[in-house]
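S.K.: Structure below; questions to follow.
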Amino acid sequence: MKWLKEAKHKEMNCNVCGKKLKFDHGILKEDVFTAKKEWGYFSDMDLQVHSFNVCEDCYNKMVSTFVIPVDISVKGEVI
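Written out as C-alpha cells, the structure is:
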C-alpha cells in the first residue's frame, strides 16, 4: 500500500488539504483514513486503481456532508 511505503520514508500527506502528517522516530503519531479502489468494468475508470490518504480533520468535514451518515461501531480492543 502506498501509505506503508510513505510511512517507511517517514512522510505522509493528506490528499485533501496537503497537510504533512506527524511522525516521531518513524512512527505515525496521528491516524489517517486510507482508501483504495480498484475500478472494474462499467465505469469511466475501467481497471484503474485509485488510492489516497485523508487526515482526521478532512475526513470529519467530508463525512459531515453525507446524506446517509457513516455507520459507526466501537471495537473492544486494538490488536
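Here the numbering used here = 1-based position in the sequence shown + 8.
For each residue, glycine too, the CB sits at the ideal point set by N, CA and C.
1) When DSSP labels each residue in this structure, what does residue 23 get in the three-state scheme?
2) For residue 20, count the other beta carbons within 10 Å of its own beta carbon; 16 or more makes it buried, fewer makes it exposed. Which is it?
3) Among 76, 51, 66 and 61, which has the Cα closest to the Cα of residue 42?
4) How would you call residue 25, buried or exposed, if buried means at least 16 neighbouring beta carbons within 10 angstroms?
5) How long is the line joining the alpha carbons of residue 78 and residue 71, rounded to whole angstroms?
6) Which residues in the same chain as residue 39 place their Cβ atom closer than 8 Å to its Cβ, once the five residues preceding and following it in sequence are excluded?
7) Can you name, in chain order, every residue of its own chain whose Cβ lies under 6 Å from the Cβ of residue 56, other than the five neighbours on each side?
M.R.: According to the structure shown:
1) coil
2) buried
3) 61
4) exposed
5) 7 Å
6) 64
7) 47
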